[in-house]
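Q: Sharing a structure below in structure tokens format, with a few things to ask.
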Amino acid sequence: MSARIPFLNPLLALDDRTLLARFAEQHDQGAFEQLVKRHGRLVFGVCRRAVRDAHRAEDAFQAVFLVLARAPQKAAAAASVGGWLFGTARRVGSAARRHEHRRERREARAAQLVAGAGAPGGDFSDLLCVLDEELGAMPEEMRAALVACFLEERTQDEAARELGWSVSTLRRRLESGKELLRSRLARRGVTLGAGLLAGGLGAPARAAVPALNPSPAATILANEVLVRGVGLKAGALLSAVVLAVGGLAHGLVSDATPMASAGAAPAEVAPPIAEGVPWATVSGRVVFPKGHTVPGPAALAPAALKDASVWEPFAPLFDERVRVNAGNRGIADAVVWLRPDATDRRAEFPADRVHPALAGAKPQKHAVLAAAGQFRPRVVAARAGDAVVFENRLPVPTNVHYAPTDDGARDFNVLLGKGVAHTAKPLPALRTPDVYRSDIYPWMRGCVWAFDHPYFAVTGADGRFELKGVPAGMWRLVVWHEVAGYHAASRLGAKLTVPDGGSGPLELGPIEFESDDWPTP
1 MSARIPFLNP LLALDDRTLL ARFAEQHDQG AFEQLVKRHG RLVFGVCRRA
51 VRDAHRAEDA FQAVFLVLAR APQKAAAAAS VGGWLFGTAR RVGSAARRHE
101 HRRERREARA AQLVAGAGAP GGDFSDLLCV LDEELGAMPE EMRAALVACF
151 LEERTQDEAA RELGWSVSTL RRRLESGKEL LRSRLARRGV TLGAGLLAGG
201 LGAPARAAVP ALNPSPAATI LANEVLVRGV GLKAGALLSA VVLAVGGLAH
251 GLVSDATPMA SAGAAPAEVA PPIAEGVPWA TVSGRVVFPK GHTVPGPAAL
301 APAALKDASV WEPFAPLFDE RVRVNAGNRG IADAVVWLRP DATDRRAEFP
351 ADRVHPALAG AKPQKHAVLA AAGQFRPRVV AARAGDAVVF ENRLPVPTNV
401 HYAPTDDGAR DFNVLLGKGV AHTAKPLPAL RTPDVYRSDI YPWMRGCVWA
451 FDHPYFAVTG ADGRFELKGV PAGMWRLVVW HEVAGYHAAS RLGAKLTVPD
501 GGSGPLELGP IEFESDDWPT P
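So in UniProt numbering, spot 52 of the sequence shown is number 52, and the numbers just go up one at a time.
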């Protein structure tokens, strides 16, 4: 039970806007670092083609992420963070070119052409610059689709989830974008087949990425773009950003293999651990019981959907109350938390046992988006004092009817037009979850559970959870699901011993969630 095993970085499961929110609101450096890892190849590919000098290209790369650090709200408001970074890299690249001496640039280009006469590399590089220019001039939604699928090499399913579109909508915008790009290139005398077009767009995704370590030249470039393109007076404000981003200056590694080596501490385990006090990272998976057929996705009947034509781009819509991974039987959206080893259900988690780096955490805002015909995330776990922000990104208005189970003063029912948001009151510690729903579109619903300590999690699509900084001792582990109720029908939870053997990972065996309330196929 105490064996050390590989485990996933939980930030990998968060979308770009959630990572931006964590950085903007909590100054979460790990979230910012994940954004750099996720989009660094895209940004450096654009900068490297915009500026032929390798050192200046690196300065441009650093400047793009300085701009992101100073204006994360601009990126969050765009159709996609990757698309916004592409456009920003183009603007920074233009600023970098203005800093180059025209004569030196012409001489360097002439020397390169002479040295590479007869080789295709220089011509292809020039072609990629043309592709960048035309891609930068495209409508935002088409550019977002092309950037996600080609420059960042996401699958169509991954891109659709990140952009909040249905797969069919993504495919339609991809095809429209490719046709528009071909026509614009043809006007410039460039003709590309589909395969070469995809290969040309995909080339920057494989560019090597420099370490994030802002230089004075990068600061100057970022300052220029912030003043010209973002409308801010940078100056002294940018100095603080440089200091903040400078704290992230270490080499970036690919997330193609997200599992850490066995027994190794995760790179993102944050806050130094208090000397002499053992802590652990407790992780595991909640799984559908063996001997039961895993229920498949339950599609909602189109005839039963109000305003059915609105949902056609997102079809089919599913009843998302129960989501089970067919591959590993993992149950998504289960809430997992620790409580004291006591039979008193009202026993509070002892404040003096909370990891010191977690005890003083600032209140957060958790975003719940109405998008693609659902509320996402469906289940929110939060800490007392946090707040939930509901935002409508549907093409039609919807309401949010929030119904606390223990305090009518926090009840609200608001109508949200497209693009409108509403922030709920700060959450108290809850003994039962608050629920929220759309009365207009009743399949859209979810729940919120808040705790008086930091040891809680919501299982991902594979059923996994992770609790960091757990103190050694005897505890109870509680698992709850909105359909199945409490695991083992126990609000008290199952006993859990965290060994007093120093910090490290503690992987639990699969937690089979037996319940008579699971749907039958």
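The beta-carbon is built from N, C-alpha and C at its ideal position, and this holds for glycine as well. Quick caveat: nothing in here was measured; it's all calculated off a predicted structure.
By Cβ distance, which residues of its chain are closer than 7 angstroms to H453, with the 5 residues on each side in sequence left out?
A: Contacts found: F349 and V354.
Q: Throw me the rounded Cβ distance for the G93 and C47 pair, which I believe falls under 8 angstroms.
A: Yes, G93 and C47 are in contact; Cβ-Cβ is about 6 angstroms, under 8 angstroms.
Q: Three-state secondary structure (DSSP) at P289?
A: If DSSP states are grouped into helix, strand and coil, P289 belongs with coil.
Q: Would you mind reading off the limits of the alpha helix (DSSP H) that contains R378?
A: Neither: R378 is in no alpha helix (DSSP H) and is coded neither H nor E.
Q: Note down the Cα distance separating S80 from E140, rounded to an integer number of angstroms.
A: Whole-angstrom Cα-Cα distance: 9 angstroms.
Q: Rounded to whole angstroms, how far is the Cβ of R321 from the Cβ of V483, which I believe are closer than 8 angstroms?
A: Going by Cβ atoms, the distance from R321 to V483 rounds to 5 angstroms, so yes, they are a contact pair.
Q: Quick check on H422: does DSSP put it in helix, strand or coil?
A: Looking at H422 - three-state DSSP - the assignment turns out to be strand.
Q: Are at least three pairs of beta-carbons, each pair with one atom in the region 334-345 and one in the region 489-500, less than 8 angstroms apart?
A: Yes, since at least three Cβ pairs between the region 334-345 and the region 489-500 fall closer than 8 angstroms, the two stretches touch.
Q: Just to confirm, are V336 and F150 a CB contact at a threshold of 8 angstroms?
A: Not in contact: V336 and F150 (Cβ atoms no closer than 8 angstroms).
Q: For Q26 and T293, what's the separation of their Cα atoms in angstroms?
A: In a straight line, the C-alpha of Q26 is about 42 angstroms away from that of T293.
Q: Give the DSSP bridge partners of H355, in chain order.
A: According to DSSP, which records beta bridges pairwise, H355 is partnered with nothing at all.
Q: Quick test of your reading: T459 and T432, contact by CB under 8 angstroms. State the CB separation rounded to the nearest angstrom.
A: Not a contact, Cβ separation roughly 19 angstroms.
Q: Among all the DSSP beta bridges, which residues are the ones paired with Y436?
A: In DSSP, Y436 forms a bridge with Y402 and G446.
Q: Since A298 and S166 should fall inside the 8 angstroms C-beta cutoff, what is the C-beta to C-beta distance between them, to a whole number of angstroms?
A: Incorrect: roughly 17 angstroms between the Cβ atoms, too far for contact.
Q: My guess is that A75 and L66 are in contact by the Cβ rule of under 8 angstroms, so how many angstroms apart are they, rounded?
A: Between L66 and A75 the Cβ distance is about 13 angstroms, and since that is not below 8 angstroms, they are no contact.
Q: Tell me which residues share the same chain as V64 and place their Cβ nearer than 6 angstroms to its Cβ, disregarding the 5 neighbours each side in the sequence.
A: Cβ within range, chain order: V43, T88, A89 and V92.
Q: May I have the straight-line CA-CA distance separating F390 from K362, to the nearest angstrom?
A: Each residue's Cα considered, the two are about 20 angstroms apart.
Q: Following the continuous beta strand (DSSP E) through W475, name the residue where it begins and the one where it ends.
A: Residues G473 to H481.
Q: Quick one: which unbroken beta strand (DSSP E) runs of 3-plus residues sit fully inside the region 280-332? Chain order, please.
A: Correct list: empty.
Q: For T520, which of helix, strand or coil comes out of DSSP?
A: T520: coil per DSSP, three-state reduction.
Q: Here's a check: name, in chain order, each residue in its chain whose Cβ is nearer than 8 angstroms to the Cβ of S438, leaving out the five neighbours to either side.
A: A370, F375, T398, N399, V400, H401, M444 and R445.
Q: Given that a residue counts as buried once 16 or more other Cβ atoms are within 10 Å of its Cβ, and exposed if not, what is Q34?
A: Its Cβ being crowded by 16 or more others within 10 Å, Q34 is buried.
Q: Could you check what DSSP says for H99 in three-state terms: helix, strand or coil?
A: Here H99 sits in coil by DSSP.
Q: For W337, which beta-bridge partners are listed by DSSP?
A: Its beta-bridge partners are F456 and V478.
Q: Our contact map puts N325 next to A461 with C-beta atoms below 8 angstroms; I'd like the distance itself, whole angstroms only.
A: Sure, about 6 angstroms apart at Cβ, within 8 angstroms.
Q: When we look at the beta-carbon of R423 and count the other beta-carbons within 10 Å, is it buried (16 or more) or exposed?
A: At residue 423 the sequence reads Thr, which differs from the Arg that was named. Exposed, since its Cβ has fewer than 16 Cβ neighbours within 10 Å.
Q: Rounded to whole angstroms, what is the Cα-Cα separation between D15 and R161?
A: So the alpha carbons of these two residues sit roughly 9 angstroms apart.
Q: Taking the straight line between their C-alpha atoms, what separation do you get for G116 and R38?
A: In this prediction, G116 scores a pLDDT of 42, lower than 50, which makes its location untrustworthy; the coordinate-derived value is nonetheless stated afterwards. G116 and R38: Cα-Cα distance of roughly 33 angstroms.
Q: What separation, rounded to the nearest whole angstrom, lies between the Cα atoms of D516 and R410?
A: Distance between the alpha carbons of D516 and R410: 32 angstroms.
Q: Please identify the residue among L416, P72, A472 and P426 whose C-alpha is closest to the C-alpha of R383.
A: Residue P426 is the option with its Cα nearest to R383.
Q: Following the continuous beta strand (DSSP E) through G30, name the residue where it begins and the one where it ends.
A: Element bounds for G30: not the beta strand (DSSP E) but the alpha helix (DSSP H), Q29 to A50.
Q: Tell me which same chain residues have a C-beta within less than 7 angstroms of the C-beta of A31, skipping the five on either side of it?
A: Only L11, L19, R22 and F23 meet the Cβ criterion.
Q: How close, in whole Å, do the beta carbons of V380 and I331 come, if the pair is a contact with beta carbons under 8 angstroms?
A: Actually they do not touch by this definition, with Cβ atoms about 17 angstroms apart.
Q: If you reduce the DSSP assignment to three classes, tell me which class F390 lands in.
A: In the structure shown, F390 sits in a strand (DSSP, three-state: E or B).
Q: Between which residues of its own chain and A148 is the CB-CB distance below 7 angstroms, once the five residues before and five after are set aside?
A: S80, G82, R154, A159, E162 and L163, listed in sequence order.
Q: Going by CA-CA distance only, name the one from L496, L506, C447 and M142 that's closest to A403.
A: Per the Cα distances, C447.
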